[in-house]
Amino acid sequence: MTIIKRQTILGTIYSYAGVLVGTFTQAFLIPNFLTVEQNGLLAMLMSWMFILVFIASLGFNSAGIKYFNFFRNAEKKHQGYLFNGLVVFLVGMVLCTLALIVFKEQIVKSSVGDNTLFKEYFFYIIPITAFVALFNLFDNYAKGLYDTVRGNVLSQFLQRFLILLAVLTFIFEWVNFDRFVLLWAIGISIPTILMFVHITNLEGFSLKPSSHFLKSDFKTEFFRFASFSVLTGLSSIVITKLDTLMVYDYLGLGQTGIYNTCLLFGSVMTISYNVSMKASTAIVLDAMKENDFDKIQTIFTKSSMTQLIFGTGLLMLVWVNVDVLFSFIKPEYAAGKYVLLIIGLAKLYDLASGINSLILAYSKYYKLDSLLVLTFVGLLLLLNHVLIPRFGLNGAAAAAFLSIVYYNSARNYLIWRFFKVHPYNWKLLYVVLVGVGLMLVGYLLPVFTGNALEKFFTLTYSSALLGGGYLFVIYKMNFSPDLNSIVDNLLKKVS
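The working numbering puts the first residue of the sequence shown at 447, with every later residue one more than the last.
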């Protein structure tokens with residue numbers, strides 16, 4: 447087995463294990479055993495952390511990935527890569543810390559005034575931002591040396607497992623909420639320490655400075671790309687966090703906790719997208735270099751179909767059982783029922799658009815893609831301002847839906863205009879119709895909700911019947927020859 451294949455398999459296993467642990471923690475334990483305000487606090491701390499982590503790197507990590515070949519030299523201690531990265535990190539963290547201090551009151555301000563909890567734990571943003579930013583630096587360094595597994599294990603699995611342990615200490619009343627937040631922050635930070643220990647054992651490790659970078663011819667290109675990546679990357683991060691921040695601003699910490707829990711479903715739906723991106727990136731880049739748009743059309747269409755099949759099936763199963771699912775957590779979260787549906791439909795359109803972000807971002811029209819990102823952020827901001835005050839959580843979800851539809855439609859139009867490729871065919875509509883048809887059948891199934899055991903039985907049997915029926919129809923109609931081939935191979939092994 448090749449190193450790449452082995453690392454890919456191990457990374458995928460740990461990623462999915464992390465998804466299971468994270469989903470159990472975020473979708474069941476936290477909604478049941480923390481108040482909605484406490485849940486909202488964690489959501490706000492994480493949202494600001496993700497935004498500031500990108501700012502703290504000042505684009506060094508993005509440029510470092512692209513230009514690591516210029517540094518890679520074990521004998522010369524990789525030309526001071528880590529030293530340069532740490533200097534940039536320190537500058538970035540100083541800027542972020544000053545910004546948090548100066549703008550604290552504006553950040554914690556909420557129109558409904560319930561900001562006491564957020565104000566009390568506000569400065570936890572600084573240490574978790576610092577540790578995660580350092581982790582990204584160390585992880586990128588390891589990836590540049592062809593070690594991709596350790597970072598996946600630590601960030602995708604261990605970190606989520608440590609957060610689970612922190613939540614359990616609070617559930618069993620071993621610690622109060624104040625100590626729990628400390629343990630939660632420590633759980634986020636520990637992977638950074640372990641990652642640093644790991645990279646010290648990689649060949650060529652050194653924290654000493656080197657004049658190689660400053661004397662090199664590519665430093666101008668490096669800084670230009672780093673500056674550009676700050677803009678596009680930050681916009682991409684803001685896209686995923688802006689609605690959460692605006693829900694807090696307009697509706698308060700409690701509603702933020704409810705909204706963030708419902709957003710988790712959208713994250714689960716994008717698993718197939720992440721897999722497609724990892725599998726397609728190298729092939730698409732090679733095809734772009736060769737101007738082989740027939741190959742790109744094939745990949746575009748296949749990725750769209752595969753992702754839509756996964757997303758439609760998941761949305762169908764969740765929506766049929768939505769009331770049963772919400773019955774497992776506190777009644778307050780039922781306010782987010784239609785948020786889940788609207789976000790699910792938005793993600794469905796996103797999935798149906800295939801790998802459009804990959805095609806446009808790595809083409810010569812990448813600056814247009816960046817401009818598109820900025821217009822998307824502007825539209826999302828405007829729609830949230832208009833819709834949240836009128837429709838609450840559903841307004842935030844509707845703003846996300848409309849913005850995602852605009853964003854993907856514009857991307858797909860540009861790709862069609864410049865490259866004459868698109869992801870759409872009639873089979874995509876048929877997949878959606880199969881999902882809708884089975885959803886209607888699901889409404890006819892009996893529901894047992896007398897106790898937890900009956901609820902679990904309802905979930906199990908309805909998911910088995912509808913999920914099995916969905917897979918059977920998808921297989922028989924041969925919507926995706928690739929998926930059918932996988933099923934055929936599995937059946938051969940079983941028989």
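We put the CB at the ideal spot given by N, CA and C, even for glycine.
Remember, it's a predicted structure, so these values are computed and weren't measured experimentally.
| message | Can you confirm whether the region 878–891 touches the region 827–841 when touching is taken to mean that 3 or more C-beta pairs between the two stretches lie within less than 8 Å? | response | no
| request: For R836, count neighbouring C-beta atoms within 10 Å of its own C-beta (all shown protein chains included) and say buried if the count is 16 or more, exposed if not. | output: Its Cβ having fewer than 16 others within 10 Å, R836 is exposed.
| Neighbourhood of Q472 by C-beta, 6 Å cutoff - its chain only, sequence neighbours within 5 removed | L710
| request: Let me know the alpha helix (DSSP H) ranges lying completely inside the region 769–840, each 4 residues or longer, listed in chain order. | output: 783–798 and 802–807
| query | Mapping DSSP to helix, strand and coil, what is M641? | reply | helix
| query | Can you check whether the CB of N507 is closer than 9 Å to the CB of L583? | reply | The beta carbons of L583 and N507 sit closer together than 9 Å.
| request: Determine the extent of the alpha helix (DSSP H) in which L475 is found, giving its start and end residues. | output: Here L475 belongs to no alpha helix (DSSP H), and DSSP marks it neither H nor E.
| Which class does Y889 belong to by DSSP, given the choice of helix, strand or coil? | helix
| Do you know how far the Cα of E900 is from the Cα of S855? | 43 Å
| Looking at C-beta atoms only, is the number of pairs between the region 533–551 and the region 487–501 that lie closer than 8 Å three or more? | yes
| What's the gap between the Cα of G464 and the Cα of F549? | Taking the straight line joining both Cα atoms gives about 34 Å.
| said: My parser needs the alpha helix (DSSP H) runs of 4 or more residues fully inside the region 851–896; what are they? | reply: 872–890
| request: Would you kindly check if the distance between the Cβ of V887 and the Cβ of V770 is under 9 Å? | output: no
| V832 versus V534, V819 and L848, residue with shortest Cα-Cα distance | Comparing Cα-Cα distances from V832 to each of V534, V819 and L848, the minimum goes to L848.
| field | Per-residue DSSP class, three states only, for I450 | value | The predicted position of I450 is uncertain, since its pLDDT is 46 and thus under 50; no value can be drawn from it.
| query | Going by the CB atoms, is the gap between V785 and L839 shorter than 9 Å? | reply | yes
| said: So, for T702: in the same chain, excluding its five sequence neighbours on each side, which residues have a beta-carbon less than 7 Å away from its beta-carbon? | reply: Excluding residues within five positions, the ones whose Cβ falls inside 7 Å are G486, A489, M490, T690, V693 and Y694.
| Does the beta-carbon of G896 have 16 or more other beta-carbons within 10 angstroms, so that it is buried, or is it exposed? | By the neighbour-count rule (16 or more Cβ atoms within 10 Å), G896 is not buried but exposed.
| How should P477 be labelled, buried or exposed, when 16 other C-beta atoms within 10 angstroms of its C-beta is the threshold for buried? | By the neighbour-count rule (16 or more Cβ atoms within 10 Å), P477 is buried.
| field | Rounded separation between S749 and I571 - CA only | value | 37 Å
| Just how far apart, CA to CA, sit V554 and L912? | Rounded to whole angstroms, V554 to L912 spans 45 Å at the Cα level.
| Can you tell me whether DSSP reads E619 as helix, strand or coil? | coil
| With a CB to CB cut of under 8 Å and the five nearest residues on each side skipped, what residues in its chain are close to F569? | L546
| message | How far does the alpha helix (DSSP H) with F500 in it extend, from its first residue to its last? | response | V482 to S503
| request: Can you give me the Cβ contacts of K451 inside the same chain, cut-off strictly under 7 Å, excluding the 5 residues immediately before and after it? | output: Here K451 scores only 49 on pLDDT, less than 50, and its place in the model should not be relied on; the value that follows carries that caveat. Once the five neighbours on either side are set aside, K451 has no close Cβ partner at all.
| said: Using C-beta distances below 6 Å, list every residue in its chain close to G633, excluding the 5 sequence neighbours before and after it, in chain order. | reply: Only L608, I609 and A612 meet the Cβ criterion.
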